[in-house]
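Accompanying notes for the structure given below.
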Amino acid sequence: MSQQYYQAYKNNSVNTASPGELTLMLYNGCLKFIKYGKKGIEDNNMEFKNTNIQKAQNIINELIVTLDQESPIAKELLSLYDYINRLLIEANIKNDLDKLTDAYGLVEEFRDTWKEVVKQTRTQEYKQGVQA
């Protein structure tokens, strides 16, 4: 598949994704950038490390901004997102692989939980569609 078609496919998948699927994409992107940040530290490539950790931070910040403040769980999520963000900042400043690993683990838990939510939502929507 050519790069042009791949980019069109990616754009289309973002444009047609449900809010739950978009959140899942954000978590997956954050995990990818944390992995790249780790690679940057391991390869002593500070520019690559910095760029990718900042991209992970941008995603966490987007999750914070879009958080439904009326939701009962919002305060807990906000404090966890804030903690992940602080881990990323410290990892970036100190080249600390342990902090990146901790951040990765937390984001991975969020992603796995969210993946289950999206799956259950799809199942419910399918069942409702079949009954209609």
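Every letter in the sequence shown is one number past the one before it in my numbering, and letter 68, counting from 1, is 297.
A virtual CB, placed ideally from N, CA and C, is assigned to each residue, including glycine.
A quick note: this is a predicted structure, and the numbers were derived from the prediction, not measured.
9 angstroms Cβ cutoff met for residue i and residue j
i, j, result
"lysine 267", "leucine 335", "no"
"leucine 260", "glutamate 337", "yes"
"asparagine 314", "glutamine 349", "no"
Reference residue i; option with closest CA among the options
i, options, result
"aspartate 272", "Leu326, Leu317 and Arg351", "Leu326"
"tyrosine 312", "Gly358, Pro301 and Leu292", "Leu292"
"asparagine 274", "Glu337, Ile318, Thr350 and Asn324", "Asn324"
"tyrosine 310", "Val347, Thr350, Phe339 and Pro301", "Phe339"
"alanine 246", "Lys356, Ser300, Arg351 and Leu307", "Arg351"
"glutamate 319", "Gly358, Gln283 and Gln357", "Gln283"
"asparagine 290", "Tyr355, Glu299 and Ser308", "Ser308"
"glutamate 276", "Glu299, Glu354 and Ile322", "Ile322"
Close-in-space but distant-in-sequence residues of the same chain around residue i (CB under 8 angstroms, 5 per side omitted)
i, result
"tryptophan 343", "Gly249, Thr252, Leu253 and Tyr256"
Sequence-distant residues of its chain with Cβ nearer than 7 angstroms to residue i (five each side left out)
i, result
"asparagine 281", "Phe262, Tyr265, Gly266 and Gly269"
"glutamate 305", "none"
"glycine 258", "Ile288"
"aspartate 297", "Ala303"
Contacting residues, own chain, Cβ-Cβ under 6 angstroms from residue i (five flanking each side not counted)
i, result
"lysine 278", "Gly266, Gly269 and Ile270"
Nearest-angstrom Cβ-Cβ length linking residue i and residue j, presumed shorter than 8 angstroms
i, j, result
"leucine 316", "alanine 303", "About 20 angstroms; that fails the 8 angstroms criterion."
- Ignoring anything shorter than 4 residues or poking outside the region 288-349, list the alpha helix (DSSP H) runs there in chain order. Within the region 288-349, the complete alpha helix (DSSP H) segments of 4 residues or longer fall at 303-323, listed in chain order.
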